Amino acid sequence: MLDILELEHPRFTSLLCDYSDSEKITINPSIHTILWFARENKATFPYQDVVRLYHKTGKHFVPEYFLELLNIARKECAKLNSEEIGQVTRFLNVLLDKYDGTYDYRSYLALELLNMPDDQTEIKAYAEAQSHIDRMTLLLTADLLKFELGGLETEKNFRHQLPERTLVEKRCAMALKAVTPYVQRAKLSYISSEHVIKSAKHFIVAVEQRKTHSDEQMLMTTNLPVYLIHDEYMFIRILQTFEYTFSWIAVGLRAAIEACTDSPSQTSILVESCEKKIKEAIGFFHLLSSMRAESFKVFRAYTEGASAIQSRNYKRIESLCRQPDEDRLNSIAYGSVPEVQEKLLAQPNNLDLSLSQAQQSGHFDRNDFGEVKQAMKSFATTLKRWKQTHYGLAMKMLGEGSGTGYTEGTPYLAFVKDIPVFETQLDE
Numbered sequence: 000m001l002d003i004l005e006l007e008h009p010r011f012t013s014l015l016c017d018y019s020d021s022e023k024i025t026i027n028p029s030i031h032t033i034l035w036f037a038r039e040n041k042a043t044f045p046y047q048d049v050v051r052l053y054h055k056t057g058k059h060f061v062p063e064y065f066l067e068l069l070n071i072a073r074k075e076c077a078k079l080n081s082e083e084i085g086q087v088t089r090f091l092n093v094l095l096d097k098y099d100g101t102y103d104y105r106s107y108l109a110l111e112l113l114n115m116p117d118d119q120t121e122i123k124a125y126a127e128a129q130s131h132i133d134r135m136t137l138l139l140t141a142d143l144l145k146f147e148l149g150g151l152e153t154e155k156n157f158r159h160q161l162p163e164r165t166l167v168e169k170r171c172a173m174a175l176k177a178v179t180p181y182v183q184r185a186k187l188s189y190i191s192s193e194h195v196i197k198s199a200k201h202f203i204v205a206v207e208q209r210k211t212h213s214d215e216q217m218l219m220t221t222n223l224p225v226y227l228i229h230d231e232y233m234f235i236r237i238l239q240t241f242e243y244t245f246s247w248i249a250v251g252l253r254a255a256i257e258a259c260t261d262s263p264s265q266t267s268i269l270v271e272s273c274e275k276k277i278k279e280a281i282g283f284f285h286l287l288s289s290m291r292a293e294s295f296k297v298f299r300a301y302t303e304g305a306s307a308i309q310s311r312n313y314k315r316i317e318s319l320c321r322q323p324d325e326d327r328l329n330s331i332a333y334g335s336v337p338e339v340q341e342k343l344l345a346q347p348n349n350l351d352l353s354l355s356q357a358q359q360s361g362h363f364d365r366n367d368f369g370e371v372k373q374a375m376k377s378f379a380t381t382l383k384r385w386k387q388t389h390y391g392l393a394m395k396m397l398g399e400g401s402g403t404g405y406t407e408g409t410p411y412l413a414f415v416k417d418i419p420v421f422e423t424q425l426d427e
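Numbered according to numbering that gives the first Met the number 0, the sequence shown spans residues 0 to 427.
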């Protein structure tokens with residue numbers, strides 16, 4: 000363990016780190032605690048201290064010596080086998096993405112730590128999708144608002160470009176409006192005040208009363224901005240909300256495809272349910288539009304390599320509606336999600352194809368076919384609205400500039416927004 004001991008230094012051995020002083024950086028997570036945990040698994044991993052360090056500097060600027068320490072701890076964790084060690088290792092992978100050269104959209108948003116459904120999730124799980132989405136959306140929104148309110152405490156706040164009170168009030172109002180359907184379904188009660196900041200505080204308290212220890216840890220470990228710009232925290236939380244919702248919509252579309260074999264009415268219900276989830280999530284785009292372009296331009300300089308073009312969940316939705324055209328399937332859009340691309344090349348499975356097969360086999364009569372097509376048409380309209388809203392926001396933030404993750408930015412989004420959702424003729 001000599002290589003580990005060589006990294007130790009007296010000024011880096013304090014357990015807690017104080018980052019309230021914006022002029023003086025004192026980064027002191029406990030090296031001893033991290034090493035003790037990694038070697039013997041007899042201590043609790045110092046999640047809070049590590050997160051504080053990352054928040055103090057921004058992920059892009061974490062000191063090299065500390066990244067090396069975390070990497071050593073990860074190697075030690077690989078020698079052990081327990082559920083807790085597995086959780087720590089996943090967290091370390093997110094922390095070390097830039098160090099490893101694996102930084103991308105998924106690691107930027109810490110999606111591996113959000114417990115989202117994937118292609119292996121059984122479609123029967125979709126019956127509980129709405130409650131999962133509601134719960135996660137409430138947690139992420141409350142955490143976002145808590146951070147926004149913290150931006151009003153300017154005296155000991157080390158972040159840059161803090162929002163004016165009027166902007167915080169605007170964001171509170173927009174967030175509470177966007178989260179309303181989730182609040183209603185979850186039967187969450189909180190006191191609504193004529194003062195929006197008071198309402199936001201009451202909402203936060205109501206959500207926190209339902210939080211578990213696991214929720215606390217999830218929230219603490221899944222927002223690691225690359226820099227110190229205030230608005231980036233909100234940016235990350237809203238993108239996580241989108242990704243979580245999209246992950247369940249993909250499960251719903253898979254269920255709709257399976258229902259095509261024997262239940263046209265169930266197919267329609269499932270497609271309508273997926274559309275509703277997109278429609279509600281669009282409300283958070285309005286909140287995201289309050290992000291200041293000047294703030295975005297600063298922190299995006301350190302997000303190179305991470306782009307929404309790498310979203311697996313969006314590609315799953317797109318390709319579950321219809322098989323992508325050959326040019327798109329072979330483009331960087333799908334090349335950036337190779338596991339989705341490979342599956343589509345090997346065995347395409349989508350609603351367009353299933354509907355055609357059901358009609359040819361006689362499973363659907365004319366009325367059934369019309370009912371499903373109407374649900375698909377409405378879904379397509381809402382998804383196009385999503386794409387148009389995304390494009391409009393990108394134009395506000397980027398203009399004609401290039402995107403992150405080596406993408407073309409708004410020209411790419413302009414092209415994508417016009418791609419038909421389905422090949423099936425829905426107006427006939």
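Ideal placement from N, C-alpha and C gives every residue a C-beta, glycine not left out. Source: prediction; values computed, not measured.
Cutoff 6 Å; reference residue i; Cβ partners in own chain excluding five residues on either side
i	result
F283	A177, I237 and T240
E22	Bear in mind that a pLDDT of 39 at E22, under 50, signals an unreliable position, so the number given afterwards is only what the model happens to contain. Excluding positions up to five away in sequence, the list is empty.
L218	D142
V195	E168, C171 and A172
F363	P263 and A357
H8	Unreliable placement is indicated for H8, whose pLDDT of 32 sits below 50; no coordinate value is reported for it.
Y333	Q340
Closest residue to residue i among the options (Cα-Cα distance)
i	options	result
L143	M290, T381, D117 and S355	M290
S377	Q309, E257, V50 and K278	K278
E317	F146, D99, S106 and P419	P419
L227	P263, F295 and T244	F295
L392	A124, G334, H285 and Q340	H285
E83	A332, E338 and S213	S213
L110	R209, L68, F245 and V339	F245
I248	S272, V93 and H59	S272
D430	I331, Y53, I132 and S81	In the structure displayed, the chain extends from 0 to 427; residue 430 sits before or after that span and is not available.
S288	Y390, A305, D133 and T220	Y390
L354	R253, L94, M115 and D326	R253
L94	E293, M375 and P224	P224
S130	Q183, T101 and D118	Q183
Y232	R299, Q119, T211 and Q208	R299
D99	E193, Q340, A332 and H59	H59
Other residues of its chain near residue i: CB distance less than 8 Å, five sequence neighbours each side excluded
i	result
D351	C320, R321, Q322, F421, E422 and T423
T153	L161
A77	T88
V297	H159, Q160, Y226 and I228
D20	In this predicted model, D20 has a pLDDT of only 39, less than 50, meaning its place in the structure is not dependable; the value taken from the coordinates is given anyway. Closer than 8 Å at Cβ, skipping near neighbours: K155 and F157.
L6	Low confidence applies to L6: its pLDDT is 30, below 50, so where it sits in the model is not reliable enough to give any reading.
K383	K416 and V420
CA-to-CA distance, residue j to residue i, given in whole angstroms
i	j	result
N70	G361	59 Å
Q356	Y181	36 Å
V206	D324	44 Å
K275	F44	40 Å
L397	T381	24 Å
L412	A307	10 Å
P62	V50	13 Å
P46	E215	A small fix is needed here, since residue 46 is Tyr in this sequence, not Pro. Rounded to the nearest angstrom, the two C-alpha atoms are 11 Å apart.
K395	G57	25 Å
I203	T302	29 Å
S262	N366	13 Å
M135	H201	18 Å
L344	S330	13 Å
P116	Q346	21 Å
I268	P410	35 Å
Beta-carbon spacing of residue i, residue j below 8 Å
i	j	result
V270	I122	no
S198	S188	no
Q309	D48	no
L151	R164	yes
F146	K55	no
R105	L91	no
V167	L139	no
A172	L137	no
W385	I235	no
L328	T221	no
A305	Y107	yes
Residue range of the alpha helix (DSSP H) that includes residue i
i	result
Q359	L350 to S360
F65	E63 to C76
G251	D230 to A258
H212	H212 to T220
L392	R365 to L397
S294	A292 to F298
H342	Before going further, note that residue 342 is Lys rather than His in the sequence given. Note, K342: alpha helix (DSSP H), P337 to A345.
V415	T409 to V415
Contacts around residue i, its chain only, beta-carbon distance under 7 Å, and the 5 residues preceding and following it disregarded
i	result
V336	Q309, R311 and K314
T266	A255, A258, C259 and V371
I132	Y243, T244, W247 and K276
Residue i: CB within 7 Å of a non-hydrogen atom of the ligand SAM
i	result
T136	As far as ligands go, the structure on display features none, and thus does not contain the ligand SAM.
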